[in-house]
Amino acid sequence: VKVIFLDFDGVLNSSASFILESNRRRKLMETDKAAGMLFRVNQTLCHVCCSNFQYILDHVPSDVKIVISSTWREIYDMDWLKAKLQSYGIDSSRVIDKTPACFVGGFTRAPRGQEISEWLEEHPEVTDYVILDDNSDMTVHMDKFVQTSWLTGLTLYNVEKTIDMLGGEDKGGFPF
Ligand SMILES: [Mg+2]
């Protein structure tokens, strides 16, 4: 089994999509204040980024699974997270787990790379993996790391590289 460690903020959404959603919320507040109050911009993903991610899933072998490494995993349970991904067109049946939350000392958060290391130690069946994240605290995993940008989220450049690293059939032969 191969694994994609998936971050959300800066991968499946972006600064650009937050501007879009903030404007949407502002307009909603003008016409339906109650609905506007309920609309949480920080719970939104980007349809383009999510479509790009699903493109990866469609072009790598079906034994490539998803492990959620985003901090969203500490706020929402797995059913909620899967439903959120599915609502943006991502095949959530590929999600198998989330990484543990690790600390160094009392309250200092361990680098995300360390959390990924701990998960991998528990899963020797994993033969290969890719980390999708906009942050860079990946410790020993730099050769397995595709870094996205908070400005754009997951781009087709990132998609091409990820498919290549996971031995996919279509190495970025995009239709247009
Ligand atoms: Mg992030």
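Its first residue numbered 75, the sequence shown is counted upward by one per residue in this note's numbering.
In this text, a Cβ means the ideal position worked out from N, Cα and C, and glycines have one as well.
Keep in mind the model is a prediction, meaning the values are calculated, not measured.
Query, Result
"What is the chain-ordered set of residues for which the beta carbon lies under 5 Å from any non-hydrogen atom of ligand 1?", "Asp81, Asp83, Gly84 and Asp208"
"On a CA-only basis, which of Val138, Arg147, Ser96 and Ser167 is nearest arginine 114? Give me that one, please.", "Ser96"
"Can you tell me whether lysine 107 is buried or exposed, with buried defined as 16 or more other CB within 10 angstroms of its CB?", "exposed"
"The beta strand (DSSP E) spanning aspartate 207 covers which residue range?", "202 to 207"
"For histidine 60, I'd like the list of residues in its chain whose CB is within less than 7 Å of its CB, leaving aside the five on either flank, ordered along the chain.", "This structure does not reach residue 60, given that the chain is present from 75 up to 250, and the question cannot be answered."
"Out of Gly241, Ser223, Trp224 and Arg147, state which residue places its alpha-carbon closest to the alpha-carbon of tyrosine 203.", "Gly241"
"Counting pairs of beta carbons, one from the region 116 to 132 and one from the region 163 to 174, are three or more of them closer than 8 Å?", "yes"
"For the alpha helix (DSSP H) that contains phenylalanine 92, what are its first and last residues?", "89 to 105"
"Is it buried or exposed for isoleucine 237, if we count other Cβ within 10 angstroms and need 16 for buried?", "buried"
"CA-CA distance, proline 198 and phenylalanine 92?", "38 Å"
"Between which two residues does the beta strand (DSSP E) holding valine 237 run?", "Note on identity: in this sequence residue 237 is isoleucine, with valine being the wrong assignment. Where isoleucine 237 is concerned, there is no enclosing beta strand (DSSP E), although the alpha helix (DSSP H) it sits in stretches over 230 to 239."
"What residue range does the alpha helix (DSSP H) around valine 169 cover?", "Looking at the DSSP string, valine 169 is not in any alpha helix (DSSP H); the run it does join, the beta strand (DSSP E), is 169 to 172."
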